[in-house]
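Novice:
2 protein chains.
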Amino acid sequence: MSYKAPLNDMLFDIRHLAGIDEIAKMPGFEEAGFDTAQAVLEECAKFNEGVVAPLNVEGDRNPSSWKDGVVTTTPGFKQAFKQYAEGGWQGLQHPVEVGGQGLPKTIGAACGEILNAANLSFALCPLLTDGAIEALLTAGSDELKATYLEKLVSGQWTGTMNLTEPQAGSDLGLVRTRAEPQPDGTYKVFGTKIFITYGEHDMAENIVHLTLARVAGAPEGVKGISLFVVPKFKVGKDGRIGERNDVQCVSIEHKLGIKASPTAVLQFGDHGGAEGVLVGQENRGLEYMFIMMNAARYAVGVQGIAVADRAYQHAVAYAKDRVQSRPVDGSMSASAPIIHHPDVKRMLMTMRALTEGCRAMATVAAAAYDAAHHHPDAEVRKQNQSFYEFMVPLVKGYSTEMSLEVTSLGVQVHGGMGFIEETGAAQYYRDARILPIYEGTTAIQANDLVGRKTARDGGQAAKAVAKQIETTEQELAGRDSAAARAVLKRLTAARQAFVDVVEFIASNSKTSPNAAFAGSVPYLMLAGNLVAGWQLARSLLVAEDLASRGEDKPFMQAKIATAQFYAEHILARAPGLRDAIVEGADSVTAMAVDAF
Amino acid sequence: MSYKAPLNDMLFDIRHLAGIDEIAKMPGFEEAGFDTAQAVLEECAKFNEGVVAPLNVEGDRNPSSWKDGVVTTTPGFKQAFKQYAEGGWQGLQHPVEVGGQGLPKTIGAACGEILNAANLSFALCPLLTDGAIEALLTAGSDELKATYLEKLVSGQWTGTMNLTEPQAGSDLGLVRTRAEPQPDGTYKVFGTKIFITYGEHDMAENIVHLTLARVAGAPEGVKGISLFVVPKFKVGKDGRIGERNDVQCVSIEHKLGIKASPTAVLQFGDHGGAEGVLVGQENRGLEYMFIMMNAARYAVGVQGIAVADRAYQHAVAYAKDRVQSRPVDGSMSASAPIIHHPDVKRMLMTMRALTEGCRAMATVAAAAYDAAHHHPDAEVRKQNQSFYEFMVPLVKGYSTEMSLEVTSLGVQVHGGMGFIEETGAAQYYRDARILPIYEGTTAIQANDLVGRKTARDGGQAAKAVAKQIETTEQELAGRDSAAARAVLKRLTAARQAFVDVVEFIASNSKTSPNAAFAGSVPYLMLAGNLVAGWQLARSLLVAEDLASRGEDKPFMQAKIATAQFYAEHILARAPGLRDAIVEGADSVTAMAVDAF
Numbered sequence: 001m002s003y004k005a006p007l008n009d010m011l012f013d014i015r016h017l018a019g020i021d022e023i024a025k026m027p028g029f030e031e032a033g034f035d036t037a038q039a040v041l042e043e044c045a046k047f048n049e050g051v052v053a054p055l056n057v058e059g060d061r062n063p064s065s066w067k068d069g070v071v072t073t074t075p076g077f078k079q080a081f082k083q084y085a086e087g088g089w090q091g092l093q094h095p096v097e098v099g100g101q102g103l104p105k106t107i108g109a110a111c112g113e114i115l116n117a118a119n120l121s122f123a124l125c126p127l128l129t130d131g132a133i134e135a136l137l138t139a140g141s142d143e144l145k146a147t148y149l150e151k152l153v154s155g156q157w158t159g160t161m162n163l164t165e166p167q168a169g170s171d172l173g174l175v176r177t178r179a180e181p182q183p184d185g186t187y188k189v190f191g192t193k194i195f196i197t198y199g200e201h202d203m204a205e206n207i208v209h210l211t212l213a214r215v216a217g218a219p220e221g222v223k224g225i226s227l228f229v230v231p232k233f234k235v236g237k238d239g240r241i242g243e244r245n246d247v248q249c250v251s252i253e254h255k256l257g258i259k260a261s262p263t264a265v266l267q268f269g270d271h272g273g274a275e276g277v278l279v280g281q282e283n284r285g286l287e288y289m290f291i292m293m294n295a296a297r298y299a300v301g302v303q304g305i306a307v308a309d310r311a312y313q314h315a316v317a318y319a320k321d322r323v324q325s326r327p328v329d330g331s332m333s334a335s336a337p338i339i340h341h342p343d344v345k346r347m348l349m350t351m352r353a354l355t356e357g358c359r360a361m362a363t364v365a366a367a368a369y370d371a372a373h374h375h376p377d378a379e380v381r382k383q384n385q386s387f388y389e390f391m392v393p394l395v396k397g398y399s400t401e402m403s404l405e406v407t408s409l410g411v412q413v414h415g416g417m418g419f420i421e422e423t424g425a426a427q428y429y430r431d432a433r434i435l436p437i438y439e440g441t442t443a444i445q446a447n448d449l450v451g452r453k454t455a456r457d458g459g460q461a462a463k464a465v466a467k468q469i470e471t472t473e474q475e476l477a478g479r480d481s482a483a484a485r486a487v488l489k490r491l492t493a494a495r496q497a498f499v500d501v502v503e504f505i506a507s508n509s510k511t512s513p514n515a516a517f518a519g520s521v522p523y524l525m526l527a528g529n530l531v532a533g534w535q536l537a538r539s540l541l542v543a544e545d546l547a548s549r550g551e552d553k554p555f556m557q558a559k560i561a562t563a564q565f566y567a568e569h570i571l572a573r574a575p576g577l578r579d580a581i582v583e584g585a586d587s588v589t590a591m592a593v594d595a596f
Numbered sequence: 001m002s003y004k005a006p007l008n009d010m011l012f013d014i015r016h017l018a019g020i021d022e023i024a025k026m027p028g029f030e031e032a033g034f035d036t037a038q039a040v041l042e043e044c045a046k047f048n049e050g051v052v053a054p055l056n057v058e059g060d061r062n063p064s065s066w067k068d069g070v071v072t073t074t075p076g077f078k079q080a081f082k083q084y085a086e087g088g089w090q091g092l093q094h095p096v097e098v099g100g101q102g103l104p105k106t107i108g109a110a111c112g113e114i115l116n117a118a119n120l121s122f123a124l125c126p127l128l129t130d131g132a133i134e135a136l137l138t139a140g141s142d143e144l145k146a147t148y149l150e151k152l153v154s155g156q157w158t159g160t161m162n163l164t165e166p167q168a169g170s171d172l173g174l175v176r177t178r179a180e181p182q183p184d185g186t187y188k189v190f191g192t193k194i195f196i197t198y199g200e201h202d203m204a205e206n207i208v209h210l211t212l213a214r215v216a217g218a219p220e221g222v223k224g225i226s227l228f229v230v231p232k233f234k235v236g237k238d239g240r241i242g243e244r245n246d247v248q249c250v251s252i253e254h255k256l257g258i259k260a261s262p263t264a265v266l267q268f269g270d271h272g273g274a275e276g277v278l279v280g281q282e283n284r285g286l287e288y289m290f291i292m293m294n295a296a297r298y299a300v301g302v303q304g305i306a307v308a309d310r311a312y313q314h315a316v317a318y319a320k321d322r323v324q325s326r327p328v329d330g331s332m333s334a335s336a337p338i339i340h341h342p343d344v345k346r347m348l349m350t351m352r353a354l355t356e357g358c359r360a361m362a363t364v365a366a367a368a369y370d371a372a373h374h375h376p377d378a379e380v381r382k383q384n385q386s387f388y389e390f391m392v393p394l395v396k397g398y399s400t401e402m403s404l405e406v407t408s409l410g411v412q413v414h415g416g417m418g419f420i421e422e423t424g425a426a427q428y429y430r431d432a433r434i435l436p437i438y439e440g441t442t443a444i445q446a447n448d449l450v451g452r453k454t455a456r457d458g459g460q461a462a463k464a465v466a467k468q469i470e471t472t473e474q475e476l477a478g479r480d481s482a483a484a485r486a487v488l489k490r491l492t493a494a495r496q497a498f499v500d501v502v503e504f505i506a507s508n509s510k511t512s513p514n515a516a517f518a519g520s521v522p523y524l525m526l527a528g529n530l531v532a533g534w535q536l537a538r539s540l541l542v543a544e545d546l547a548s549r550g551e552d553k554p555f556m557q558a559k560i561a562t563a564q565f566y567a568e569h570i571l572a573r574a575p576g577l578r579d580a581i582v583e584g585a586d587s588v589t590a591m592a593v594d595a596f
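Chains as they are written, first to last, in UniProt numbering: chain A, 1 to 596; chain B, 1 to 596.
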């Protein structure tokens, strides 16, 4: 099943929701207006549709394999990654000074969606490398930067995040890997890391492991963790690759999905110690790791959107092709393609609305990131930073959870054929299942949303979002279309539900933490649902205006229909979530542990 | 991961919700009181926990395989099936006259859950055989019955349902397999059938294919379909197995889940015609097939409950074992098993509440089936038949859809380990995915609910259910516990939402079929949600009474907590579904097909 990047929808969001032409007025983004966005996305689509997407099924059938410490990736991956690197795609969002193209995240995120929709497993390698680049840019010494950044940005080398250990998953305070200072200023690293995505592979000359470890004598818990660069091959002062470092891939996992992406168990220091270089200062490792993780969390949210869109395209193609039964409204005298049946339309509309809603949310969040880093006005930067930070758990948590619903519906649309692996729909269902887990489970995102993003400021950032939504409601109230009225009704109810929950969370997080955290994931789902629906409401306002001017009417009408569907069928879930959170907290923790 | 049958919960439902001692007063069920239920379930648990459950993982890793027309099942399956047959389990619910035990469905369904929880793939063989037995009992001639029934009931032979063809899935009117009458009264059958569960295997001496085909000259569509018995080996008048019939398994499918269950493509008549015997009358095949299908639909609903419970047990065990992070309420000074974290509790409670709710619903439906067939009073039989028929799409549709949610949460509770196949949680997620598809997709169940079960009688049967729920509300209103008050609030709101939807469906199904059918699946989900919640509300009333008398207090308190959780977190979804159905119908079908 071929993949077609949804350029029209992406460019609509980039132009009308994210305001790319405003972003292009910010220092450093002068070249990054709408025309650039369009040109880059077209090129990106061409490469990924042609080169990367065809390898998706191949990766599932012929996963990466391990033998004697060596990982061989799926046939075709190495060549495709070479083309990816040569095309300059790894450097898209990174600074020009280190060889990147310095484009806004608003454009980069769309390219990320295209790459991930083409091939989730393949895309993970660049995704992790982006994280490593971010961490070095922020906390690396000049020497580290000089040694590693250009190689990573060019795609010559790749990067990994080494956090998890068997006993330390969500709870990184339990990390045991240790680093011993050496007289020459380097460290020797010893320990076992698991779940290391692309921890070993054959697609690049070197692999740069950003690794959490504890220096002897460091405080217990998360405050005693440091970050190290541990390359697969040692790197000389001249930047040349030297001998093999003492880090070995002892196995890779047999997984439900994303099978082409090797998930490594790495053993550090079994032969005298792996040579590592400290990043930044000792004991600040978690802080630096969060830089990588925040970039990665946003990117994983985009993965959810990507796999959802791919599943949607697959399901639409089948539904237009598969003939079965006459439509219930008597509009056809013979069996029809199943897309004419109301429930198939309902499933496809659900898939479409969730995907477009999350895409709109992620695009607007990216624009906030760009403004937070490039806007000349400090106050505007601050507001955008606050908004972006509020959005990260929603983009990660909601988009990935919705991808489970969408890929499951994708199977369902195919009926019995959906359960047959050859059809391809099942791969998306399997692949998507990791997304709400890695880079912080949905519960971890929700803890972040409750703790750092809501309780800490007494709900201020959350209420600022609600305030912005009210503005959209006022605009909707000024329209006289049935669609705008329908959207207004559900958006208002969902926003009110959200505000109730924010107040509940803010007032309970200290006094009744169990009650606040019992509602954390439903709160995240409600907030994500609302923000995605809000962005589709904004889309509807734009689409009505453009349609009335005769601009691309079929597209605008579809956008209006999608926004209305989202409001009536998905935003409609919000009040029920509010009730569960605000009135049902006690029943979550009422039952004794022994009774389970 | 071992499996432990939830006997306490099953027996609670059988005694207090289904009223087994009332069933035992009906003619033919004199031996089937509570003590019998308990004894049978204990024996069933022992067999399945010990023999069948350990083969579940094995079946996933070492699926049934095909070579040159021969299917070899997973090692151990053949022996286990022999024990199953020898134990008399195949005959549990079938008449004593054909070698069965004649037990009520109320007991049989619980045994079915245990078998399916132990091993979904294994259980499919008996499940399909049950369907074949039902069809022959209802429509078979005395000769057919004499030839086949005892062999099927004893488990010596197994049965299949041959409906689907490549062009005829949900739409059986498109069946092309043809049957040519022969001078001796038999037929020669020609055609291709796909998705035939246990269509070929090595676990029994013979396989009895109940096969839909068209006799030459029959009317087009569903009214020209007849049902035939086509055995794998021809059967002589003496009941002995003769030569191989002309039906061949040309391949089996490579599936997402239930891998041990061979899904066959069967080729009939490639060498002169497969010998078939007509069941009942020509052109009434679909009617007979519906007998099999209705039994099978209920049984597939039970499969959903079964796999959900297995996933729940797996997740609870992990959550009690895995230590990570300190509880947010400060109740522990060190890292704790993750079951102490509110969101893990929320996930486990959701899994538990959905599973127990659906189990209660299915048990009560089974009791109605028993009363519909055995109650001495014709009017009572009729009422129960109406209730049972209303329940079948809910048991099938809602229980299987909820099993997707539950098995997905089961993966999530395991975090990263959930995505690793060795952990086992992923198998339930994959296995469950077929359940809302086969024996009629959720949309097909919903069409049945909308068309035959709601619109046809103007919503009478539906409103009779609502009336019964009001009685439970009145009982809840007489209690002064916080749990009863909480349940009353949500049950009332959900019941009102349901009544609104029933009226909407009944009044629109003829005039605006697109609107009615656009809401068909959400209506099914709302109705299933409501009925399961209602049964848990009834459970709460019983549990409060028994707890006050000091009977098994920990169990009763857990039941009360589960009922309250269900009401506050799952019944709370109902009003949103109502809004989507009643106010959002138009946006489902608004978008032009070309715009997808």
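C-beta atoms are modelled at their ideal positions from N, C-alpha and C, and glycine is treated no differently.
Run through chain A and tell me which residues come within less than 7 Å of E421 (chain B), C-beta to C-beta.
Specialist: Per Cβ cutoff of 7 Å: H254, K255 and L256.
Novice: For Q248 (chain B), which of helix, strand or coil comes out of DSSP?
Specialist: Note: Q248 (chain B) maps to strand in three-state DSSP.
Novice: Consider the Cβ of A443 (chain A): report whether some Cβ of chain B lies at a distance smaller than 7 Å.
Specialist: Yes, A443 (chain A) counts as interfacial toward chain B.
Novice: To the nearest angstrom, how far is the alpha carbon of P63 (chain B) from that of H209 (chain A)?
Specialist: Approximately 38 Å between the Cα atoms of the pair.
Novice: Along chain A, in chain order, which residues have C-beta atoms closer than 8 Å to that of L404 (chain B)?
Specialist: Those are S408, listed as they occur along chain A.
Novice: Alpha carbon to alpha carbon, what distance is there between E134 (chain B) and Q460 (chain B)?
Specialist: C-alpha separation (whole angstroms): 28 Å.
Novice: Should the stretch 314-321 of chain B be regarded as contacting the stretch 533-544 of chain B, the criterion being three or more beta carbon pairs within less than 8 Å?
Specialist: Not touching, per the Cβ criterion.
Novice: Taking the alpha-carbon of I505 (chain B) as reference, which of B:T454, B:V175, B:M525 and B:R244 has the nearest alpha-carbon?
Specialist: Nearest C-alpha to I505 (chain B): B:T454.
Novice: Measure the alpha-carbon distance for G451 (chain A) versus G159 (chain A) and round it to whole angstroms.
Specialist: For G451 (chain A) and G159 (chain A), the distance between alpha carbons rounds to 30 Å.
Novice: Report back the beta-carbon spacing between D370 (chain B) and P104 (chain B) to the nearest angstrom; my notes put them in contact at under 8 Å.
Specialist: With a Cβ gap of about 4 Å, D370 (chain B) and P104 (chain B) count as contacting.
Novice: Determine the direct distance from the alpha carbon of A213 (chain B) to that of R359 (chain A), and round the result to whole angstroms.
Specialist: Computed Cα separation, rounded: 48 Å.
Novice: Does the distance from the C-beta atom of G87 (chain B) to that of F47 (chain B) stay below 7 Å?
Specialist: Yes, they are a contact pair.
Novice: Could you say if the stretch 371-384 of chain A and the stretch 496-505 of chain A meet the contact criterion of at least three C-beta pairs nearer than 8 Å?
Specialist: Flag = no, the stretch 371-384 of chain A and the stretch 496-505 of chain A do not touch.
Novice: For H374 (chain A), report the span of its alpha helix (DSSP H) as first-last.
Specialist: Element bounds for H374 (chain A): P342 to H374.
Novice: Going straight from the alpha carbon of A85 (chain A) to that of Q93 (chain A), what length do you get?
Specialist: When rounded, the distance between both Cα atoms is 14 Å.
Novice: Give the C-beta separation of G304 (chain B) and M402 (chain B) to the nearest angstrom, bearing in mind that I take them to be a contact with Cβ-Cβ under 8 Å.
Specialist: Going by Cβ atoms, the distance from G304 (chain B) to M402 (chain B) rounds to 7 Å, so yes, they are a contact pair.
Novice: Alpha carbons only, please: which of B:A146, B:P231 and B:D309 is nearest the one belonging to G99 (chain B)?
Specialist: It is B:A146.
Novice: Hey, is the stretch 412-427 of chain A in contact with the stretch 251-266 of chain B, meaning 3+ C-beta pairs nearer than 8 Å?
Specialist: The stretch 412-427 of chain A is in contact with the stretch 251-266 of chain B.
Novice: Give the interface partners of L348 (chain B) over in chain A, defined as CB-CB distance under 8 Å, in chain order.
Specialist: Under the 8 Å cutoff, chain A gives F596.
Novice: Could you check which residue in A:W534, A:P575, A:C125 and A:T74 has the C-alpha nearest to that of E356 (chain A)?
Specialist: That would be A:W534, whose Cα lies nearest to the Cα of E356 (chain A).
Novice: What is the DSSP secondary structure of T441 (chain B), counted as helix, strand or coil?
Specialist: In this structure, T441 (chain B) counts as coil in the three-state DSSP scheme.
Novice: Strictly under 7 Å for the Cβ-Cβ distance: is F122 (chain A) near chain B by that measure?
Specialist: Judged by the 7 Å Cβ criterion, F122 (chain A) is not in contact with chain B.
Novice: With a threshold of 6 Å on Cβ separation, who are the neighbours of F81 (chain A) within its own chain once the five nearest residues in sequence on each side are excluded?
Specialist: Once the five neighbours on either side are set aside, the close Cβ partners of F81 (chain A) are M203.
Novice: Quick one: which chain B residues come within Cβ less than 8 Å of I305 (chain A)?
Specialist: Ordered by position in chain B, no residue passes the 8 Å Cβ test against I305 (chain A), which lies about 18 Å from the chain.
Novice: Identify the continuous beta strand (DSSP E) that holds I434 (chain B) and give its terminal residues.
Specialist: Element bounds for I434 (chain B): n/a, residue is neither H nor E.
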